[in-house]
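Chains as they are written, first to last, in the working numbering: chain D, 1 to 561; chain G, 1 to 324; chain B, 1 to 301.
Note that beta-carbon positions come from the ideal geometry of N, C-alpha and C, so glycine has one too.
Predicted model only: the values in this text are computed from it and were never measured.
Heads up: the structure comes next, in structure tokens.
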Amino acid sequence: MLRVENLTVKFPSRFGDVTAVENMAMAIAPGEIHGLVGESGAGKSTVGAAIIGLLQPPGFVADGTLQLGDVDLRALDRFEAHALRGKRVSMIFQDPQTSLNPLMRIEDQLVETILAHEDISADAAQSRAIDLLEEMGIEDASSRMRSYPHQFSGGMRQRVVIALAICTNPELIIADEPTTALDVAVQSQVLDLIRRLADVRKVGFMLITHDIGVIAQIADTVTMMRRGKRIESGPTAEVLGNPSHAYTKQLMDAVPPLDRKIDRFRVPKDEEIDATGQGDAARAWLLGAERETAVGLTLEGIAVSFPGVRTSMWQKPAPHIALQDISFVVRPGSIMGIVGESGSGKSTLAKTLTGLIKPSDGTMTLAGAPLPGGGARARKHPSRQLIQMVFQDPYSSLNSRHRVGTILAEPLWLYGLVTDKEERRKLCIDMLRLVGMLPEAIDKYPHQFSGGQRQRIAVARALLARPKVLICDEPTSALDVSIQAQLLNLLKDLQASFGLTVLFISHNLSVVRQMADDVVVLRNGRIQEQGPCATIYETPTAEYTKELLALTPVLPADWRP
Amino acid sequence: MVYFIVKRLVQSAFVMLAVAFLAFSLFRFVGDPITQMTGVETSVADQERLREDLGLNDPYALQFARFTGDMLKGDFGFSYRTRQPVAEMIATRIPATLELGIVALLISLLVGIPAGVYTALRPRGIATQAILMVTLVGVSIPTFVIGIMLIFFFGVQLGWLPTFGRGGTVRLGGWETSFLTVDGWRALILPAFTLGVYQLTLTMRLVRAEMMEVMRSDYIRFATARGVPMNRLYFKHALANTMVPVITIIGLQFGGVIAFSIVTESVFQWPGMGLLFLESIRFVDIPVMGVYLVVIAFFFVLVNLIVDMLYVVIDPRLRIRDVS
Amino acid sequence: MLAFIKRYEGLWLFSRSPAVILAAIMAFGIILGAILAPWIAPINPYDLASFSLMDGLLPPVWDEFGSEKFLLGTDDQGRDMISSILYGARLSLIIGISAMTIATVLGVGLGLAAGYFGGRFDAIVMRIADIQLALPAILTALLIDGIARGILPPEMQQNLRVTVLIIAIALSLWVNFARTARASTFVQMNKEYVQAALIQGQHPLRVMFVHILPNILGPLLVIMTVDLASAILLEATLSFLGIGLPADSPSLGTLIRIGMQFLLSGEWWILWIPTLFLVALVVSINVLGDFLRDVFNPRLR
Chain D
1 MLRVENLTVK FPSRFGDVTA VENMAMAIAP GEIHGLVGES GAGKSTVGAA
51 IIGLLQPPGF VADGTLQLGD VDLRALDRFE AHALRGKRVS MIFQDPQTSL
101 NPLMRIEDQL VETILAHEDI SADAAQSRAI DLLEEMGIED ASSRMRSYPH
151 QFSGGMRQRV VIALAICTNP ELIIADEPTT ALDVAVQSQV LDLIRRLADV
201 RKVGFMLITH DIGVIAQIAD TVTMMRRGKR IESGPTAEVL GNPSHAYTKQ
251 LMDAVPPLDR KIDRFRVPKD EEIDATGQGD AARAWLLGAE RETAVGLTLE
301 GIAVSFPGVR TSMWQKPAPH IALQDISFVV RPGSIMGIVG ESGSGKSTLA
351 KTLTGLIKPS DGTMTLAGAP LPGGGARARK HPSRQLIQMV FQDPYSSLNS
401 RHRVGTILAE PLWLYGLVTD KEERRKLCID MLRLVGMLPE AIDKYPHQFS
451 GGQRQRIAVA RALLARPKVL ICDEPTSALD VSIQAQLLNL LKDLQASFGL
501 TVLFISHNLS VVRQMADDVV VLRNGRIQEQ GPCATIYETP TAEYTKELLA
551 LTPVLPADWR P
Chain G
1 MVYFIVKRLV QSAFVMLAVA FLAFSLFRFV GDPITQMTGV ETSVADQERL
51 REDLGLNDPY ALQFARFTGD MLKGDFGFSY RTRQPVAEMI ATRIPATLEL
101 GIVALLISLL VGIPAGVYTA LRPRGIATQA ILMVTLVGVS IPTFVIGIML
151 IFFFGVQLGW LPTFGRGGTV RLGGWETSFL TVDGWRALIL PAFTLGVYQL
201 TLTMRLVRAE MMEVMRSDYI RFATARGVPM NRLYFKHALA NTMVPVITII
251 GLQFGGVIAF SIVTESVFQW PGMGLLFLES IRFVDIPVMG VYLVVIAFFF
301 VLVNLIVDML YVVIDPRLRI RDVS
Chain B
1 MLAFIKRYEG LWLFSRSPAV ILAAIMAFGI ILGAILAPWI APINPYDLAS
51 FSLMDGLLPP VWDEFGSEKF LLGTDDQGRD MISSILYGAR LSLIIGISAM
101 TIATVLGVGL GLAAGYFGGR FDAIVMRIAD IQLALPAILT ALLIDGIARG
151 ILPPEMQQNL RVTVLIIAIA LSLWVNFART ARASTFVQMN KEYVQAALIQ
201 GQHPLRVMFV HILPNILGPL LVIMTVDLAS AILLEATLSF LGIGLPADSP
251 SLGTLIRIGM QFLLSGEWWI LWIPTLFLVA LVVSINVLGD FLRDVFNPRL
301 R
């Protein structure tokens, strides 16, 4: 049905044409779910955009064949291409929150799309819309469709988006990261829906994603991409289950398993970061001065609430409760994993510990001494040095207007750890080595580095404060899976060498499994379950934990290398 | 929603109160009202008695309360220069300024919005580049120069249109309008165009920027991907979403129209409030200055309140609360 | 050279837009002329002894009645137009740049602090900004001018005219900066690098000025350029309305007001040449501002 051959996409720039996709080839049959996998910069979204004719200008298709059934997509003019969109090929975007026009009722958006492609009456279009929404699993569709998009939850919105994509019976749907913005429970429902549409309606899906687990769960065939080129393609179980290509193998090695803990990820030799070989001076400096004692962290009855948004004159708004009755103990020198979906309050917890948010109730203690919260924590409070944080987004966690050297030296003079400027510089360089970066990095700006390298710089900054507690808030969720493996290895090594107490926060159960000694499961601001990592993963007691574990996409057991 | 509106009302009242305080301070502290009101021949004792009569020895808070109360009753005091009631002086001038401002605003919207939409949809077209260049020159020429140029060409050289005053007006109750005579319309063209040009360029650039932002939003890309007809895409989906932020700014622009009407009225000797204000500044006629201030702020606040209501009508997110 | 230009996107775009290069040359030329006015102007227009009524109303040199002594002609007093314009541009620029600088410091300071501290302080600053918005730029400037007339004794009024103008214009422009700085600061406050600095316990002033300020300079630079153009226009407008600068120390606006008297007689150069200069100056500044906006906000390209 869809045949792509020799596809090359270029973007003109001031350095000449940049080739985003080169010699790409793939084919999708009716009813087939074809996964297009690759890490960021692989060009997988560009392939999708080229097929539906929506390349961001000034990008253009430089070469190749794009054939949909009997139609040569490259031969269409602007109007023919637009008439084909929706009718024969449609698209689903990543974020259901922004994919729908906020000013139009769902009904109007559906009816308008149907009438654009079919010569039927408005009433017929309307009743088709109702049927479709019901098929997507939206109850009471005839009245719900009179609502505006903001009246639906995220998962419901993605169903509406899928209904909109399918309402004109296209042969092919390009789904660009359709579940990345969703929680696992909703993700699994949406994936089921896609599977059903492929089976029942014989729609071909091109499923663009970075998530190997999702591919493993529903894709029939898979094409692996890297740096604009196709690496290999074939049936999913063949390509991923028994990887033969070096890159695929490397990628599969980096995928963290949910059902067991592996000591270290296998990463290729040349990219392996050895935190034991270099940076001796920094190592010695970190190990000196009372390093032998690791410290513990205790939370007791912590609650956080925010004032609600006032919408009525007469009622006081109900406060929004972000955290309630949070009590746990982080043992000195251990890694505590905090797991939760969006809205569970895990980031609020990090902010409370670091003093950005004031808890409305409860007490915190650090190494036995009380830890004041929010504004009560003085700027010079010792905990400011002892607790350091590694953030989620490496693109915003480093000040882009400061050189790496300035960023790294900040904790050194701020806490009066090293007073001599030259010495600070030397130590920073050595610390860069310790986290696996070259010394030249010190005079560069953050934008000159990749996401993974920036995250290493962020780790170096945290270490330069000589902390005893490291809070990592989703440190790898913005990274590709192979980079994630490297960073997780680094964090493990550092934790072991320096006896750090670590709070590792993530929505990704598989990642937490690899890192944590103990685990706390959060939901809607409350603790569902806590205990040793292996116990929680193998014999969960809370219903919620069981559900999470069951719905997280995993690689089939027989794929193990 | 009710809360939203009430909140806006309270904020507006606060702004008005602050402006009233400004006017009061002007009146009370810039120069001595008594020396302004009386001549040199008035004895010190008489001056003191007048001061006492007018309550100028009372605590400032009481004086301000009385001042605000008088304003609410429509009693705006007397002009130092003409000894007439200020309320009357302003009231006879309001129609001229409002009619000028409304026509100018209409010109700016009726030309600015389509031009903005066009330049946003064809960002690389030659016509777009030309329009952008022309509007850039447009914002760079001072209003008074535009006025002078129009007078020079259409008034002096060609002799087509009158260059000063309102021409023929008709009295409708207390309202003197230019809209009902050909002569009045002819006199209105040049000043309204002068005043409208600057706002037009602003409107156009704003609509263009917002529209381009909307055009790259996910929901427009999604609508394109499912083949919604182009005209619907542009004018139903994109334009409606563009207007949400744009109407807010257009409300704020009304202030600009009123401000620049001072200049336009001066160039064209248009007998509106702006001209009166200029005269009152020249003669340090504090009461008139103060009242002008309050009246302008009132119009500004009123227009922005109306804009806020429009906002509620356009955007369902403000009307209907989340159900999910 | 080409490789160097290509490294910086702004420089690269600049090298490819002739209109912007032309505007830069024009703005630079006028500013240079204004700075050097005392040295390059043929006469000093403030010095009554340096010109004579005998030379009055001479047209520019290309006119058959023109004189090579006065390239752009003279006004009714016999003042050389070039000299008047150079000195006028000097005064316009001094007022414009001073007002813009004051407005920047005041607006950015308040906006940064409002965005950083939020809460009640933010509410107060923004309410003041609301009130300022209800009183548009020209009105504010006129009002301050009027107040100065009411308070100051006449002899001081003359001396302080320039100062009053600068303050009046600055006060009417600060809101722009404050609102932009505040909005940008709010965005930055949620960025993780700011949170990192806050967690470390860095001093608020350091967070505001060392961390946040460099990251919000882009949009502020655009406003500075555009507001410099507005300030020059505002000064010209006030002077044109006769409440700016007096005729004996003319700015470009005053020159245009004087030239208005000759609108209907044949001496067109007295009105149109200063007007052309003013428009050229403001257009070139605005073109540069527009270019900066494109560089900092590539979405509008």
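*ASP361(D) - DSSP class collapsed to helix/strand/coil*: The residue labelled residue 361(D) in the question sits at position 361 within the first sequence. Of the three classes helix, strand and coil, the one that applies to ASP361(D) here is strand, per DSSP.
*Report the rounded CA-to-CA distance for ASN44(B) versus SER84(B), giving the unit in angstroms.*
For the purposes of this step, residue 44(B) is taken as the residue at position 44 of the third sequence. For the purposes of this step, residue 84(B) is taken as the residue at position 84 of the third sequence. Counting only the Cα atoms, SER84(B) lies some 8 Å from ASN44(B).
*Apply the 10 Å Cβ neighbour rule to ALA45(G) and answer buried if 16 or more other Cβ atoms are within range, or exposed otherwise.*
Within the second sequence, numbered from 1, the residue matching residue 45(G) stands at position 45. Label assigned to ALA45(G): exposed.
_Reference GLY255(G), options SER266(G), GLY168(G), ARG216(G), TYR198(G), closest by Cα_ = Along the second sequence, one-based indexing puts residue 255(G) at 255. When each option's Cα is compared against that of GLY255(G), the closest is TYR198(G).
*Could you run through the segment 206-235 of chain B and flag, in chain order, every residue whose CB is less than 7 Å away from some CB of chain D?*
Close to chain D, meaning a Cβ-Cβ distance shorter than 7 Å, are the following residues of the segment 206-235 of chain B: HIS211, PRO214, ASN215.
_For a quick check, are the C-beta atoms of ASP280(D) and ILE33(D) less than 9 Å apart?_
Translated into the one-based positions of the first sequence, residue 280(D) becomes position 280. Translated into the one-based positions of the first sequence, residue 33(D) becomes position 33. Not a contact, by the Cβ cut-off of 9 Å.
*Give a yes or no on whether the C-beta atoms belonging to ALA20(D) and GLY228(D) are separated by under 9 Å.*
Position 20 of the first sequence, counted from the start, is the residue given in the question as residue 20(D). Position 228 of the first sequence, counted from the start, is the residue given in the question as residue 228(D). Cβ distance < 9 Å, so ALA20(D) and GLY228(D) count as in contact.
*Give me the Cα-Cα distance between LEU491(D) and GLU474(D), rounded to the nearest whole angstrom.*
Residue numbering aside, residue 491(D) sits at position 491 when the first sequence is read from its first letter. Residue numbering aside, residue 474(D) sits at position 474 when the first sequence is read from its first letter. So the alpha carbons of these two residues sit roughly 13 Å apart.
*Quick one: is ILE120(D) buried, meaning 16 or more other Cβ sit within 10 Å of its Cβ, or exposed?*
Working through the first sequence from its first residue, we reach residue 120(D) at position 120. It is exposed - the Cβ of ILE120(D) has fewer than 16 other Cβ atoms within 10 Å.
*Is there at least one Cβ from chain G nearer than 9 Å to GLY86(D)'s Cβ?*
Along the first sequence, read from residue 1 onward, the residue named residue 86(D) stands at position 86. It does: the Cβ of GLY86(D) has a partner Cβ on chain G nearer than 9 Å.
*asked:* Taking 8 Å as the limit between beta carbons, can you name the residues of its chain near ALA303(D), skipping five residues before and five after?
replied: As a position in the first sequence, residue 303(D) is number 303, starting the count at 1. Counting only Cβ-Cβ distances below 8 Å, and skipping sequence neighbours, we find ILE321, LEU323, GLN324, ASP325, ILE326, PRO359, SER360, ASP361, GLY362.
*Taking the alpha-carbon positions, what's the ILE189(G) to GLY101(G) distance?*
The residue you call residue 189(G) lines up with position 189 of the second sequence. The residue you call residue 101(G) lines up with position 101 of the second sequence. Distance between the alpha carbons of ILE189(G) and GLY101(G): 12 Å.
*Please confirm if PHE152(D) has its CB atom under 9 Å from at least one CB of chain B.*
For the purposes of this step, residue 152(D) is taken as residue 152 along the first sequence, with counting starting at 1. So, not an interface residue.
*Measure the Cβ-Cβ separation of VAL512(D) and GLY405(D) and say whether it is below 9 Å.*
In the first sequence, residue 512(D) corresponds to position 512, counting from 1. In the first sequence, residue 405(D) corresponds to position 405, counting from 1. If you check the CB distance, VAL512(D) and GLY405(D) do not come in under 9 Å.
*Could you spell out the range, first to last residue, of the beta strand (DSSP E) harbouring TRP175(G)?*
Start at 1 with the first residue of the second sequence, and residue 175(G) comes out as number 175. Run containing TRP175(G): 175-177, per the beta strand (DSSP E) assignment.
*Would you say LYS73(G) reaches chain D, if we count a Cβ-Cβ gap shorter than 9 Å as a contact?*
Numbered from 1 along the second sequence, position 73 holds the residue referred to as residue 73(G). At a cut-off of 9 Å, the C-beta of LYS73(G) has no neighbouring C-beta in chain D.
*From LEU109(G), GLY227(G), PHE283(G), VAL313(G), pick the residue whose C-alpha is nearest to that of GLU80(D); which is it?*
If you number the first sequence from 1, residue 80(D) lands on position 80. Considering only alpha carbons, the answer is GLY227(G).
*Could one say the Cβ of ASN169(D) lies closer than 9 Å to chain G's Cβ atoms, at least one of them?*
Position 169 of the first sequence holds residue 169(D). No, ASN169(D) lies away from the interface with chain G (no Cβ there is under 9 Å from its Cβ).
*asked:* Would ASN66(G) pass as an interface residue toward chain D - the criterion being a Cβ-Cβ separation below 9 Å?
replied: Start at 1 with the first residue of the second sequence, and residue 66(G) comes out as number 66. The amino acid at residue 66(G) is misidentified as Asn; the sequence shows Arg. Closer than 9 Å: no.
*Given LEU348(G) as reference, the closest of ASN231(G), ARG122(G), VAL86(G), THR194(G) once Cα atoms are compared*: Nothing can be reported for residue 348(G), as the shown portion of chain G is limited to 1 through 324.
*At least one CB of chain D closer than 9 Å to the CB of TRP12(B): is that the case?*
Reading the third sequence from its first residue, position 12 is the one you call residue 12(B). At least one chain D Cβ lies under 9 Å of TRP12(B).
_Cross-chain neighbours of GLY266(B) in chain G, by beta carbon under 7 Å_ = Within the third sequence, numbered from 1, the residue matching residue 266(B) stands at position 266. Simply none; closest approach about 12 Å.
*Supposed close pair ALA178(B), GLY111(B) - CB separation, criterion 8 Å*: On the third sequence, position 178 is the one that residue 178(B) refers to. On the third sequence, position 111 is the one that residue 111(B) refers to. Indeed they touch by this definition, with Cβ atoms about 4 Å apart.
*Name the chain D residues that come within less than 9 Å of LEU198(B), Cβ to Cβ?*
Start at 1 with the first residue of the third sequence, and residue 198(B) comes out as number 198. Residues of chain D passing the Cβ test: THR354, GLY355, LEU356.
*Report yes or no: is there a C-beta of chain D within less than 9 Å of the C-beta of GLY201(B)?*
Indexing the third sequence from 1 puts residue 201(B) at position 201. Taking Cβ atoms only, chain D reaches closer than 9 Å to GLY201(B), which makes this a yes.
_CB contact below 9 Å: THR276(D) versus chain G_ = Locating residue 276(D) in the first sequence gives position 276, counting from the first residue. Bear in mind that a pLDDT of 49 at THR276(D), under 50, signals an unreliable position, so the number given afterwards is only what the model happens to contain. No - not a single Cβ of chain G is within 9 Å of the one on THR276(D).
*On the DSSP bridge assignment, give the partners of ALA369(D) in chain order.*
Start at 1 with the first residue of the first sequence, and residue 369(D) comes out as number 369. LEU366(D), per the DSSP bridge assignment.
*Could you tell me whether the Cβ atoms of LEU233(B) and ASP145(B) are closer together than 9 Å?*
To locate residue 233(B), count along the third sequence from 1; it is residue 233. To locate residue 145(B), count along the third sequence from 1; it is residue 145. Contact: no.
*asked:* If distances are taken between C-alpha atoms only, which option among ASP70(D), GLN484(D), ALA25(D) comes closest to ASP63(D)?
replied: On the first sequence, residue 63(D) is found 63 positions in, with the first residue counted as 1. Closest option to ASP63(D), Cα to Cα, is ALA25(D).
*asked:* Going by the DSSP bridge assignment, what does SER235(D) pair with across the sheet?
replied: Locating residue 235(D) in the first sequence gives position 235, where the first residue counts as 1. It should be noted that the sequence gives Pro, not Ser, for residue 235(D). DSSP lists THR221(D) as the bridge partner or partners of PRO235(D).
*Using a C-beta cutoff of 9 Å, does ASP80(B) count as contacting chain G?*
Within the third sequence, the letter at position 80 stands for residue 80(B). Not closer than 9 Å to any Cβ of chain G, the Cβ of ASP80(B) fails to qualify, so no.
*With 16 other CB atoms within 10 Å as the buried threshold, where does GLY253(B) fall?*
Here residue 253(B) refers to the residue found at position 253 when the third sequence is read from its first residue. So GLY253(B) ends up on the buried side.
*If we ignore side chains and look at the alpha-carbon of each, how far apart do ARG433(D) and PRO556(D) end up?*
Looking up residue 433(D) in the first sequence gives position 433. Looking up residue 556(D) in the first sequence gives position 556. So the two alpha carbons sit approximately 38 Å from each other.
_So with CB distances below 8 Å, who are the chain B contacts of HIS381(D)?_
As a position in the first sequence, residue 381(D) is number 381, starting the count at 1. Ordered by position in chain B, the residues that pass the 8 Å Cβ test against HIS381(D) are GLY201.
*Exposed or buried, TYR46(B), counting other C-beta atoms within 10 Å across all chains shown (16 or more means buried)?*
On the third sequence, residue 46(B) is found 46 positions in, with the first residue counted as 1. The residue is exposed, with fewer than 16 neighbouring Cβ atoms inside 10 Å.
*Hey, is GLU155(B)'s beta-carbon within less than 9 Å of any beta-carbon in chain D?*
Within the third sequence, residue 155(B) is the residue found at index 155, counting from 1. No, because no Cβ of chain D sits closer than 9 Å to the Cβ of GLU155(B).
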